[in-house]
Amino acid sequence: MPPKQRKIAIMGFRSVGCLMVAFTVKYAGKSSLAIQFVNGEFVDYYDPTIENTFTKNVKIQGQDYLISIVDTRGQEEHSMFPIAYAMDIHGYCFVYSIDNKKSFEVVKVIYEKLIDTTGPVTIPIILVGNKLDLQQERLITYEQGKELAQQMKAQFVEVSAKKNSSVTDLFHTLILCIENADKRNDKPHKNNSTCTVS
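Written out as structure tokens, the structure reads:
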């Protein structure tokens with residue numbers, strides 16, 4: 001039997017202007033998460049201006065999946081939400097960096113733009129606080145991330161792409177949320193609520 005195909009859009013902040021001003025760039029690390037999950041390696045720098053798609057075959061709870069991760073161009077507050085990211089997507093992964101308040105604020109804006117584009121979101125979302133390895137530089141608390149996830153009706157996890165901490169778990173959780181949503185959609189009288197995975 002062929003694997004189930006699932007497409008995930010991974011979205012987050014891009015801070016292009018920082019390069020000229022401070023000679024340091026604070027990215028959310030969404031590309032690093034995708035590369036770590038697919039290739040098992042940490043990439044410290046990745047061109048934030050391009051879109052890329054990564055694929056990986058995985059087995060989750062006995063089911064084979066071909067996961068396509070659309071690593072979107074980084075978003076800014078004032079950029080338009082690309083309509084292509086609202087079509088044929090099975091799940092969203094919104095990524096911010098725990099050491100970057102701007103990335104956290106931009107994730108909120110991206111979510112609002114998604115709602116403006118599609119209406120109420122029924123597709124599973126996981127909110128990801130990345131760079132857990134930078135605890136000493138943390139600016140966004142776990143509680144703030146959890147609260148935002150509740151507002152989005154999303155799952156929430158903190159990870160470290162650099163240390164490969166909980167990266168696989170986040171994608172597996174999102175796939176299970178997608179499967180649960182598909183089952184709910186097959187039952188017309190079921191209430192669409194936040195995905196829970198035990």
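Our numbering puts the first residue of the sequence shown at 1, with every later residue one more than the last.
Idealized CB from N, CA, C, for every residue including glycine.
Given the structure is predicted, the values throughout are model-derived calculations rather than measurements.
Strictly by DSSP, which residues pair up with arginine 138? Paired residue(s): none; arginine 138 is not in a bridge.
Check the Cβ-Cβ distances between valine 157 and every residue of chain B, and say whether any is below 7 Å. Structure shown: chain B not included; a single protein chain is present.
Evaluate the contact criterion for the segment 110-117 versus the segment 139-146: three or more CB pairs, one atom per stretch, below 8 Å. no
Spatial neighbours of isoleucine 35 in its chain, beta-carbon cut-off 6 Å, leaving aside the 5 residues before and after: Val43
With DSSP as the reference, label isoleucine 35 as helix, strand or coil. helix
Backbone CA spacing between cysteine 18 and glycine 29 [nearest angstrom]: Confidence at cysteine 18 is low in this model, with a pLDDT of 33, below 50, so its placement is unreliable and no value can be given for it.
Do you know how far the Cα of lysine 183 is from the Cα of isoleucine 123? 12 Å
Got a sec, what are the start and stop residues for the alpha helix (DSSP H) valine 167 sits in? 167-186
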